[in-house]
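2 protein chains.
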Amino acid sequence: MSADERLLRVRLDLAYDGTAFAGWARQAGGLRTVQGVLEAALAVAAGRAPGPVPRLVVAGRTDAGVHATGQVAHVDLTESQVAALVRRNHGVEDVGRIAERLTGMLAAEGDVVVRDAAIAPDGFDARFSAVHRRYRYRIADTVAARDPLQRIRTLWHPRALELELLKAAAEPMAGLHDFAAYCRPRAGATTIRTLQSFSWERDAAGVLVADVRADAFCHGMVRSLVGASLAVGTARLPPERMGQLLAADGRTGEFATAPAHGLTLVEVAYPQGAELAAQAERARARRVSVGRPSMG
Amino acid sequence: MSADERLLRVRLDLAYDGTAFAGWARQAGGLRTVQGVLEAALAVAAGRAPGPVPRLVVAGRTDAGVHATGQVAHVDLTESQVAALVRRNHGVEDVGRIAERLTGMLAAEGDVVVRDAAIAPDGFDARFSAVHRRYRYRIADTVAARDPLQRIRTLWHPRALELELLKAAAEPMAGLHDFAAYCRPRAGATTIRTLQSFSWERDAAGVLVADVRADAFCHGMVRSLVGASLAVGTARLPPERMGQLLAADGRTGEFATAPAHGLTLVEVAYPQGAELAAQAERARARRVSVGRPSMG
Numbered sequence: 015m016s017a018d019e020r021l022l023r024v025r026l027d028l029a030y031d032g033t034a035f036a037g038w039a040r041q042a043g044g045l046r047t048v049q050g051v052l053e054a055a056l057a058v059a060a061g062r063a064p065g066p067v068p069r070l071v072v073a074g075r076t077d078a079g080v081h082a083t084g085q086v087a088h089v090d091l092t093e094s095q096v097a098a099l100v101r102r103n104h105g106v107e108d109v110g111r112i113a114e115r116l117t118g119m120l121a122a123e124g125d126v127v128v129r130d131a132a133i134a135p136d137g138f139d140a141r142f143s144a145v146h147r148r149y150r151y152r153i154a155d156t157v158a159a160r161d162p163l164q165r166i167r168t169l170w171h172p173r174a175l176e177l178e179l180l181k182a183a184a185e186p187m188a189g190l191h192d193f194a195a196y197c198r199p200r201a202g203a204t205t206i207r208t209l210q211s212f213s214w215e216r217d218a219a220g221v222l223v224a225d226v227r228a229d230a231f232c233h234g235m236v237r238s239l240v241g242a243s244l245a246v247g248t249a250r251l252p253p254e255r256m257g258q259l260l261a262a263d264g265r266t267g268e269f270a271t272a273p274a275h276g277l278t279l280v281e282v283a284y285p286q287g288a289e290l291a292a293q294a295e296r297a298r299a300r301r302v303s304v305g306r307p308s309m310g
Numbered sequence: 015m016s017a018d019e020r021l022l023r024v025r026l027d028l029a030y031d032g033t034a035f036a037g038w039a040r041q042a043g044g045l046r047t048v049q050g051v052l053e054a055a056l057a058v059a060a061g062r063a064p065g066p067v068p069r070l071v072v073a074g075r076t077d078a079g080v081h082a083t084g085q086v087a088h089v090d091l092t093e094s095q096v097a098a099l100v101r102r103n104h105g106v107e108d109v110g111r112i113a114e115r116l117t118g119m120l121a122a123e124g125d126v127v128v129r130d131a132a133i134a135p136d137g138f139d140a141r142f143s144a145v146h147r148r149y150r151y152r153i154a155d156t157v158a159a160r161d162p163l164q165r166i167r168t169l170w171h172p173r174a175l176e177l178e179l180l181k182a183a184a185e186p187m188a189g190l191h192d193f194a195a196y197c198r199p200r201a202g203a204t205t206i207r208t209l210q211s212f213s214w215e216r217d218a219a220g221v222l223v224a225d226v227r228a229d230a231f232c233h234g235m236v237r238s239l240v241g242a243s244l245a246v247g248t249a250r251l252p253p254e255r256m257g258q259l260l261a262a263d264g265r266t267g268e269f270a271t272a273p274a275h276g277l278t279l280v281e282v283a284y285p286q287g288a289e290l291a292a293q294a295e296r297a298r299a300r301r302v303s304v305g306r307p308s309m310g
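If you want it as structure tokens, here you go:
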């Protein structure tokens, strides 16, 4: 990097099939991760252009096997690196071509797509500027609802579930609570979160779909909420017990975490304009008390 | 089969991911086919119950790699066989359980699901009673429209396609025509068909979707129509040429057949009541002149 070359922040919109990934986060030891695959492609495409080693910052650090259709990340690059990535002398106007370039490099497997690339607005931080994350969890609980073409993103449950029980159990969960019973513990991180919404519906194909939205999730939270719902839907747990567990100070053996492959990160929302930086300030400050805010 | 045991006709509603199948039709030589897998499961589940070797008759004999969400087949079984399949002493009331039984036996792969099973109404023939078959073909022609979770059923096309060109080319195709330019030739079979509708739209996710409906298709017809459309959409073929080719007496080198994995059989429609048998009579009579009517 030449001393006077400023960094451009590029926003990437991503989709991936999590089946063959050990989650989002780059890991030592050769495990295939979404971050690892994308950073490697960025480094190869940027070539010898001066600039930092490309490093992604992501909105939702999905676990192994979890999918995304609406993931967002950012990467800081020099103009020289952007130009190399889009194969133009002056690359900033053509930054959208980064999406085609990276997607093309990863097309052999086809399980990661960069759907869009753009210069991020001032104050944008993919992780800290986000105002909410939204996940969906899909369950086919009858053979009629099982679609082999959707099986990689849908839990096939062997017993029918009562939609009304799921709804009754979900109803008291929204709001500011301590989700200790629904979080995998992390040292030094609180488990207090604001769950903005948690709803169930049966779609036109007969698939049960949970829609879960929060400013941030603690680790394993969506799959724990769905796991408890599965226990409720098969009458192994009374519906009111889900709300009662909000008073517990840790995990219980009353339900199991739902499998990863039914879960998809579908949306990350950001504010407009000056609110981007303000939201990032707030989230960074809060992070000290609540820990990493983006795990599903 | 005891001499006095009458055969019951069972209708099966099927869905499959065609990726790992050498098409619908049972084949010699150990190739994995949908019919082969289902007939083997039926034979295993029926066990030693007296009755014929289970043989399926299907509405749409899909090619290798083609998917189905709305496939229909029938099988003729004795009451003893039905009872063995549903594991009940008297099985006819519980015939729906055949769907769970077969789907459970095939769950390890998960690429075939029997979504429903029922005693067929009088006069029903899965192949000959059908009044139309409907196929969809999905194309993602931008990186924004590529969803890794839908890639097994979607063609990823490297260049953007003009929706208006596709629509203009499709417009004159509907109706009674000789589709010789759009059929893989079969000895003794005519290529005259009634194409009931052929339309293109871009769905909410940006995916181009062709919807193609006919009383019956000649072999390779949908993939040929889509292949010609791809040539039109990328301006390699003038839109009016698709209609002009209806006057050709065979295939040309002007376009390639579209890949199988973008194609899904989504619906087979049947008439009600007495029309089932009447339609079957008409289709059987016509078969003499037009050959096997159900290839996509």
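Here the protein sequences come in this chain order: A and B.
Just so we're aligned: 238 in my numbering is position 224 of the first sequence, and the numbers increase by one with no gaps anywhere.
Just so we're aligned: 306 in my numbering is position 292 of the second sequence, and the numbers increase by one with no gaps anywhere.
The C-beta atom is built at its ideal place from N, Cα and C for all residues, glycine as well.
Since the model is a prediction, treat every value here as computed from it, not as a measurement.
As the crow flies, the alpha-carbon of arginine 255(A) is around 30 Å from that of alanine 219(A). With at least 16 other beta carbons inside 10 angstroms of its own, valine 86(A) counts as buried.
Contiguous alpha helix (DSSP H) elements confined to the stretch 20-75 of chain B occur at 48-60, taking only those with 4 or more residues. Exclusion of the five residues before and after arginine 148(A) leaves Arg227, Val280, Glu281 as the residues of its chain whose Cβ lies within less than 6 Å of its Cβ. Under the DSSP assignment, isoleucine 112(A) falls in the alpha helix (DSSP H) whose first and last residues are 111-119.
The beta carbon of serine 213(B) sits closer than 6 Å to the beta carbons of Asp225 from its chain, once the five residues preceding and following it are set aside; these are given in chain order. Valine 72(A) and alanine 78(B) have their C-alpha atoms spaced approximately 40 Å apart. One thing to note: valine 157(A) has its Cβ within 9 Å of the Cβ of aspartate 130(B). Less than 9 Å separates the beta-carbon of phenylalanine 231(A) from that of glycine 74(A). A distance of 9 Å or more separates the beta carbons of alanine 82(A) and alanine 132(A). Put simply, the CB of proline 162(A) is near chain B, with a gap under 9 Å to one of its CB atoms. For arginine 25(B), no chain A residue has a Cβ inside 8 Å of its Cβ, as the nearest lies near 14 Å away. According to DSSP, residue pairing for glutamate 281(A) in a beta bridge involves Arg148(A). Going by C-alpha positions, alanine 174(B) is about 41 Å away from glutamate 295(A).
Just measuring C-alpha positions, the residue of His191(A), Thr168(A), Asp90(A), Leu163(A) sitting nearest isoleucine 206(A) is His191(A).
Remark: fewer than three beta-carbon pairs, one from each stretch, lie closer than 8 Å, so the stretch 90-109 of chain B and the stretch 42-55 of chain B are not flagged as touching. The stretch 242-250 of chain B makes no contact with the stretch 95-114 of chain B, as fewer than three CB pairs between them are under 8 Å.
Bridge pairing for histidine 88(A): Arg25(A), Val71(A) [DSSP]. Rounded to the nearest angstrom, the gap between the Cα atoms of alanine 54(A) and glycine 124(A) is 15 Å.
For isoleucine 166(B), the chain A residues whose C-beta falls within less than 7 Å of its own C-beta are Leu163, listed in chain order.
Along the stretch 129-155 of chain B, the positions whose C-beta sits under 7 Å from a C-beta of chain A are Arg129, Asp130, read in chain order. Contact residues of the stretch 214-247 of chain B toward chain A are absent (C-beta to C-beta distance below 8 Å).
In this model, alanine 63(A) and glycine 43(A) are separated by some 27 Å (Cα to Cα). Where valine 240(A) is concerned, the enclosing alpha helix (DSSP H) starts and stops at 235-247.
From the listed residues Pro135(A), Thr168(A), Arg102(A), Gly241(A), the smallest Cα separation to valine 89(A) is found for Pro135(A). At a beta-carbon threshold of 8 Å, the residues of chain A lying near threonine 83(B) are Asp161, Leu163, ordered along the chain. In this structure, the straight-line span from the alpha carbon of alanine 292(A) to that of aspartate 229(A) is close to 15 Å. Bounds of the beta strand (DSSP E) holding glutamate 215(B) are 206-216. Interface criterion not met: the Cβ of glycine 105(A) is under 9 Å from no Cβ in chain B.
The Cβ neighbour count for proline 162(B), taken over all protein chains shown within 10 Å, is at least 16; the residue is labelled buried. Rounded to the nearest angstrom, the Cβ distance from arginine 150(B) to valine 223(B) is 6 Å, consistent with a contact under 8 Å. Against chain B, the beta carbon of threonine 76(A) has no neighbour under 9 Å; the closest one sits roughly 13 Å away. Residues of chain A whose Cβ lies closer than 8 Å to the Cβ of threonine 117(B) are, in chain order, Val157, Arg160. By the rule that beta-carbons nearer than 9 Å mark a contact, alanine 36(B) does not touch chain A.
Per DSSP, alanine 158(B) is not a residue of any alpha helix (DSSP H), being assigned neither H nor E. Under the Cβ criterion of 9 Å, glutamate 268(A) is not counted among the residues facing chain B.
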